[in-house]
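J.:
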Amino acid sequence: MPSIGPLVAYPFTPRGEDGRLLTRSFEQLVDSAIVAGVSAIGVLGSTGGFAYMPRSARKRIARSAVEVADGRVPVVVGVGALSTAEVLANLDEAAGVGASGALLQPMAYQPLQFDEIFGLYKDASSAATIPIWVYNNPATTGHRFSVAELAKLGRLSGVAGFKDRGVNAADIKDRIEKITAELPQRTAKRLDWGFSGDGLGAQILLSGASAWHSALAGVLPEICVAITTAAVVDRAPEARALQRQLTPLSIIMRQYGGIRTAHTIAGLLGLDAGVLPKPLLPLPRDARALVKMALAGIDVPVPAPPKRERAKATPVTDDDGSADTGAGLGDGSAGDVSEPVRSGRHSG
């Protein structure tokens, strides 16, 4: 399939205290990102909290995202799991609900050797009926893919692209060039060269990558679309200036993680964000105050949130029809979010 870039938005997954999906909130996040102009939706990534969910919940979330997207943009679904068997089952279910592609990272309790990681991707590539993106997320997996490792994985027929990591513009460009040099020209041309990093969106696209994978685009799509639009037409000064507006939030994300930060942002913008899965806790009060200040400094219009109401919770059912409430997934309240804030020119 063609590139899912230039901007892939990763909404977090709002859930109630009983672990149920807050359907209305989740659908609003997905639809708002699409309306704002993102080019693809990614669900069940790290910010989506996939690791804290049973497979039945993951299937429900993937289906909901595909239904909301309704063909307007591709939907890529995270399929990572500890065992190859579970990964293959997740792949099958993602394809079954109509996902356009799958995102796979090498999860591990016992640290994996690269030959084991390669075996995982080889098995997934052979079994998959939808394309796979290799997810390089050393902060959560403990494994940072080298250039040589990604080049080897890129040769697998089922691999369509990368969600890679770079520390700065020079590193991003260097990784693209070195991986390209190790691949046949035809293979390199078919791969989608994506990078994550919410503080690096402009640099990612200006350095030659085809996609910016962004957690902030899942809750603040307007500013991320503005950055992307400027970068893809090579308005570099504008793109970098817009990117600097996200610097405070990206610093908070590096310290506290994307899932906590996105959860707080959504609550401050008036969405019923639900609770974080235990044992995760919401941002501390001082960090929430910094997020609120950072939002006020974003000078891109954000639509006013709808009148706040308790989001509809949809139970997730197991194969036997019993409700799966995601035991242990509750009680991480959004904290002090009683006064929704709006960023930029909408702040009053």
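Going by UniProt numbering, the sequence shown opens with residue 1, and the numbers climb by one from there.
Where is the CB? At the ideal position from N, CA and C, for every residue including glycine.
1) Between the beta-carbon of Gly101 and the beta-carbon of Ile4, is there less than 8 Å?
2) Under 8 Å: do the region 151 to 163 and the region 117 to 137 share three or more Cβ pairs, one atom per stretch?
3) Is Gly258 near Ala215, with beta carbons less than 8 Å apart?
4) At least one CB of chain B closer than 8 Å to the CB of Ile117: is that the case?
5) For His143, which residues in the same chain have their Cβ closer than 6 Å to its Cβ, ignoring the five residues on either side in sequence?
6) Taking 8 Å as the threshold (C-beta atoms), are Ile252 and Val291 in contact?
7) Look at the Cβ atom of Ala209, then the Cβ atom of Trp193, and state whether they are nearer than 8 Å.
8) Can you tell which of Leu120, Lys122, Gly71 has the C-alpha that lies nearest to the C-alpha of Ala40?
9) Going by the beta-carbon positions, is the gap between Val76 and Leu103 smaller than 8 Å?
10) Taking the alpha helix (DSSP H) that His143 falls in, what are its first and last residues?
11) Measure the C-alpha to C-alpha separation of Arg60 and Asn90 and round it to an integer number of angstroms.
12) Closer than 8 Å is the cut-off here; do at least three beta carbon pairs connect the region 32 to 39 with the region 6 to 13?
13) If you count every other CB in all the chains shown that lies within 10 Å of the CB of Gly218, and 16 or more means buried, which is it?
14) Taking DSSP as the reference, what is the three-state secondary structure of Gly274?
15) From the DSSP output, which residues share a beta bridge with Leu104?
16) Hey, could you find the ends of the alpha helix (DSSP H) Ser25 is sitting in?
17) Helix or strand or just coil, what does DSSP make of Val167?
18) What first and last residue would you give for the alpha helix (DSSP H) that runs through Gly201?
19) Given that a residue counts as buried once 16 or more other Cβ atoms are within 10 Å of its Cβ, and exposed if not, what is Met53?
20) Assign Val87 to buried or exposed, taking buried as 16 or more other Cβ atoms, counted over all protein chains shown, within 10 Å of its Cβ.
21) Tell me the residue span of the alpha helix (DSSP H) that contains Ser196.
22) So, at 6 Å on beta carbons, what are the nonlocal neighbours of Leu249 in its own chain, with the 5 sequence-adjacent residues on each side left out?
23) Considering only residues of the same chain and omitting the five flanking positions on each side of Leu242, which have a CB-CB separation below 8 Å?
24) Contact check, Leu156 vs Ser196 under 8 Å by CB: the rounded distance?
25) Considering Gly96, what are the terminal residues of the alpha helix (DSSP H) in which it resides?
26) Among Val233, Thr13, Val167, Phe145, which residue has its Cα nearest to the Cα of Ile117?
T.: Concretely, from the data shown:
1) yes
2) yes
3) yes
4) Judged by its chain identifiers, the structure shown contains no chain B, having just a single protein chain.
5) Pro106
6) yes
7) yes
8) Gly71
9) yes
10) Here His143 belongs to no alpha helix (DSSP H), and DSSP marks it neither H nor E.
11) 12 Å
12) yes
13) buried
14) strand
15) Val134
16) 23 to 36
17) coil
18) 201 to 206
19) buried
20) buried
21) Looking at the DSSP string, Ser196 is not in any alpha helix (DSSP H); the run it does join, the beta strand (DSSP E), is 192 to 196.
22) Ala294
23) Ala202, Ile223, Ala226, Ile227, Ala230, Val300
24) That pair is no contact at about 21 Å.
25) 84 to 96
26) Phe145
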